[in-house]
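Protein chains in written order, with my numbering: chain A, 1 to 224; chain B, 1 to 262.
We put the beta carbon where it would ideally sit given N, CA and C, even for glycine.
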């Protein structure tokens with residue numbers, strides 16, 4: 001009985017979009033953590049490398065966290081794509097363009113596209129940095145990976161920085177709809193506070209998208 | 001705005017049946033009074049067509065006073081013409097100018113198969129309602145007005161949701177062809193009231209699962225429905241439905257006979 005209830009929930013339109021909402025909010029939380037780490041780049045090579053080393057030395061714990069993160073990402077991506085593919089079938093095919101735009105926004109209409117750009121970005125991002133060139137350095141007598149050097153070298157390329165900034169712009173657009181939308185999906189919309197949720201979503205999008213882009217441009221200036 | 005009779009160019013979707021191909025056909029209507037409603041303007045065109053021995057344009061209409069929800073059509077790409085809190089029958093020709101070209105298409109969505117011209121089958125809405133959009137208890141005669149006390153703000157909110165006329169503009173305008181606004185309005189309305197609240201979990205589950213099986217799309221919170229709704233129903237009701245559904249999915253269980261249920 002319990003399994004059939006969960007099964008029904010995970011197959012229903014509302015259940016699936018609530019799962020997209022929850023995983024989306026978790027990913028929003030991850031971005032805040034990631035960005036705070038990035039700001040350590042500004043504090044210099046040692047601070048950043050020690051931070052990266054601390055994370056890497058979590059060992060099995062890190063793999064567990066990474067697996068969890070990957071699972072959250074895959075659920076978000078998989079369900080959103082499935083919902084979107086169903087929606088492509090169910091929408092009305094108008095001859096004259098259906099003049100939406102009284103409720104829809106650029107961000108809400110481009111969610112699948114910004115999402116796909118972010119997916120491509122993520123793969124390239126992992127390849128070029130996490131699994132990128134490997135240097136070693138010693139801080140206070142401890143041998144560790146010099147991820148600072150990898151990062152600065154990567155962003156020395158103008159093309160790499162430009163692509164990064166474009167991707168972060170997409171992230172900002174994506175979250176500017178996604179953040180408040182997740183609250184609505186979970187049923188958290190009330191006249192009392194929803195305007196502020198929307199505002200918070202916008203502030204989040206600008207600060208996080210802008211924050212990542214800022215650090216990448218800083219690295220570019222540093223590397224050139 | 002104009003006070004003199006107008007001549008209008010219309011592009012109207014003509015399609016003999018669901019199986020045949022359709023296309024936009026050009027028509028010219030003369031002597032359109034600015035005091036006419038949009039539907040009366042189509043009546044005038046249809047009379048012209050009948051006189052010429054042509055097939056008149058099929059379109060849905062009934063009360064012509066904005067409460068039945070029949071007059072479904074997309075006028076210049078917007079459901080009911082896109083005027084605030086207005087159904088097609090309440091759109092007046094004074095909103096148009098002499099010589100304007102107006103494109104009229106049927107409501108389109110996978111859940112609304114076309115019957116002919118501008119008439120579509122919106123029976124899917126009824127099917128969702130049949131799945132639980134009511135109170136099953138026999139309520140007898142109308143009770144005394146104050147026998148059941150409901151706070152005014154709650155009654156108002158339920159009334160806002162109950163204003164839904166089931167016209168389907170939300171579905172036709174939704175970029176996903178989703179039926180969440182009309183369904184949310186009903187689930188929300190009954191969940192707010194003491195008469196409907198006890199059955200709320202079962203209602204939410206049955207209606208949502210029925211909705212999903214009828215070819216409606218999934219809501220992605222564009223809020224186009226809210227902007228389009230001729231009754232100004234807010235997506236806050238969709239949020240309440242989402243809450244009700246979430247609650248029901250994880251807490252509601254109907255006991256079978258072997259478990260001691262009815």
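#### Entry: Enclosing alpha helix (DSSP H) for residue 27 of chain B [first to last residue]
Premise fails: residue 27 of chain B lies in the beta strand (DSSP E), 23-32, not in any alpha helix (DSSP H).
### Query
What residues from chain A crowd round residue 105 of chain B, counting only those whose CB sits closer than 8 Å?
Neighbours of residue 105 of chain B on chain A, chain order: 94, 95, 96.
### Message
Rounded to the nearest angstrom, what separates residue 263 of chain B and residue 91 of chain A at their Cα positions?
### Response
Beyond the ends of chain B as shown, which are 1 and 262, falls residue 263 of chain B; an answer cannot be given.
### Query
Excluding five sequence neighbours on each side, which residues of the same chain lie with their C-beta closer than 8 Å to the C-beta of residue 172 of chain A?
Contacts found: 205, 206, 208, 209, 210.
### Query
With respect to the alpha helix (DSSP H) encompassing residue 199 of chain A, which residues constitute its N-terminal and C-terminal limits?
Here the alpha helix (DSSP H) through residue 199 of chain A covers 194-223.
### Message
By alpha-carbon positions, which one of B/131, B/163, B/226 ends up nearest to residue 235 of chain B?
### Response
Per the C-alpha coordinates, the member of B/131, B/163, B/226 positioned closest to residue 235 of chain B is B/226.
### Query
Name the chain B residues whose beta carbon is nearer than 8 Å to that of residue 100 of chain A?
Contact note: residue 100 of chain A reaches chain B through 173, 175, 222, 224, using a C-beta cutoff of 8 Å and chain order.
### Query
Quick one: Cα of residue 131 of chain A to Cα of residue 123 of chain A, how far?
Computed Cα separation, rounded: 10 Å.
### Query
Could you give the distance in angstroms between the alpha-carbon of residue 225 of chain A and the alpha-carbon of residue 224 of chain A?
Nothing in the structure corresponds to residue 225 of chain A, since chain A is present only between 1 and 224.
### Task
Please look up how many angstroms separate the CB atoms of residue 49 of chain A and residue 147 of chain A, rounded, as I've assumed it's under 8 Å.
Beta-carbon to beta-carbon, residue 49 of chain A and residue 147 of chain A are separated by about 6 Å, close enough to satisfy the 8 Å threshold.
### the region 60-83 of chain B: positions lying closer than 8 Å to chain A by Cβ
Those residues of the region 60-83 of chain B placed with their C-beta closer than 8 Å to a C-beta in chain A are 74, 76, 77, 78, 82, ordered along the chain.
### Task
Quick one: which residues of the region 204-217 of chain B get their C-beta closer than 8 Å to a C-beta of chain A? List them in chain order.
Shown in chain order are the members of the region 204-217 of chain B whose Cβ falls below 8 Å from a Cβ of chain A: 205, 208, 209, 211, 212, 215, 216, 217.
#### Entry: Sequence-distant residues of its chain with Cβ nearer than 8 Å to residue 115 of chain B (five each side left out)
Hits under 8 Å: 17, 18, 58, 121.
### Query
On the three-state DSSP scale, how would you describe residue 120 of chain A?
Of the three classes helix, strand and coil, the one that applies to residue 120 of chain A here is helix, per DSSP.
### Message
Between residue 178 of chain B and chain A, is any beta-carbon pair separated by less than 9 Å?
### Response
At least one C-beta of chain A is nearer than 9 Å to the C-beta of residue 178 of chain B.
### Task
Write down every uninterrupted run of the alpha helix (DSSP H) in the region 122-195 of chain B whose length is 4 residues or greater and which is fully enclosed by it, in chain order.
Entirely contained in the region 122-195 of chain B, the alpha helix (DSSP H) runs reaching 4 residues are, in chain order, 123-130, 152-162, 169-173, 180-192.
#### Entry: Spatial distance of residue 119 of chain B from residue 76 of chain B (CA atoms)
The alpha-carbon atoms of residue 119 of chain B and residue 76 of chain B are separated by roughly 17 Å.
### Task
Taking C-beta pairs closer than 7 Å, name the residues in chain A that residue 24 of chain B reaches, listed in chain order.
Simply 95.
### Query
Just checking my contact of residue 80 of chain B with residue 230 of chain B at CB under 8 Å: how many whole Å lie between their CB atoms?
Sure, about 5 Å apart at Cβ, within 8 Å.
### Task
Between the Cα of residue 12 of chain B and those of B/191, B/31, B/74, B/30, spot the shortest distance and give me the residue it belongs to.
Measuring from the Cα of residue 12 of chain B, the nearest candidate turns out to be B/74.
### Task
At 8 Å on the CB atoms, spell out the chain B contacts of residue 83 of chain A, in chain order.
What residue 83 of chain A touches in chain B: 218, 220.
### Query
Is there a Cβ from chain A that is less than 9 Å from the Cβ of residue 244 of chain B?
At least one beta carbon of chain A lies nearer than 9 Å to the beta carbon of residue 244 of chain B.
### Query
Looking only at DSSP bridge pairs, what is residue 292 of chain B linked to?
This structure cannot speak to residue 292 of chain B, because chain B is shown only from 1 to 262.
### Message
Pop quiz: residue 223 of chain B and residue 103 of chain A are said to be a contact at Cβ under 8 Å. What is the actual Cβ separation, rounded to whole angstroms?
### Response
Contact holds; Cβ gap of about 4 Å.
### Query
Where does residue 156 of chain A sit, in a helix, a strand or coil, going by DSSP?
The answer is coil: DSSP assigns residue 156 of chain A none of H, G, I, E or B.
#### Entry: Residues near residue 84 of chain B in its chain [Cβ-Cβ closer than 8 Å; skip 5 each side]
So the qualifying residues of the chain are 232.
### Message
If we define contact as Cβ-Cβ less than 9 Å, is residue 235 of chain B a contact residue for chain A?
### Response
At least one chain A Cβ lies under 9 Å of residue 235 of chain B.
### Task
Using 10 angstroms around the beta-carbon of residue 93 of chain B, count the other beta-carbons present and answer buried if the total reaches 16, otherwise exposed.
So residue 93 of chain B ends up on the buried side.
#### Entry: Status (buried if at least 16 other CB within 10 Å, exposed otherwise) for residue 218 of chain B
Around the beta-carbon of residue 218 of chain B, 16 or more other beta-carbon atoms lie within 10 Å, marking it buried.
### Query
Are residue 154 of chain B and residue 189 of chain A touching if we call contact CB-CB under 9 Å?
No, the pair does not count as a contact, with Cβ atoms beyond the cut-off.
### Query
For the region 5-18 of chain A, which residues have a beta carbon sitting closer than 9 Å to at least one beta carbon of chain B?
Listed by position, the residues of the region 5-18 of chain A near chain B (Cβ gap below 9 Å) are 5, 6, 8, 9, 11, 12, 13, 14, 15, 16, 17, 18.
### Task
Could you confirm whether any beta carbon from chain B is found closer than 9 Å to the beta carbon of residue 172 of chain A?
Taking 9 Å as the CB threshold, residue 172 of chain A stays off the interface with chain B.
### Query
Measuring CB to CB, does residue 187 of chain B end up less than 9 Å from residue 140 of chain B?
Not closer than 9 Å, so no.
### Message
Quick check on residue 46 of chain B: does DSSP put it in helix, strand or coil?
### Response
Helix, per DSSP.
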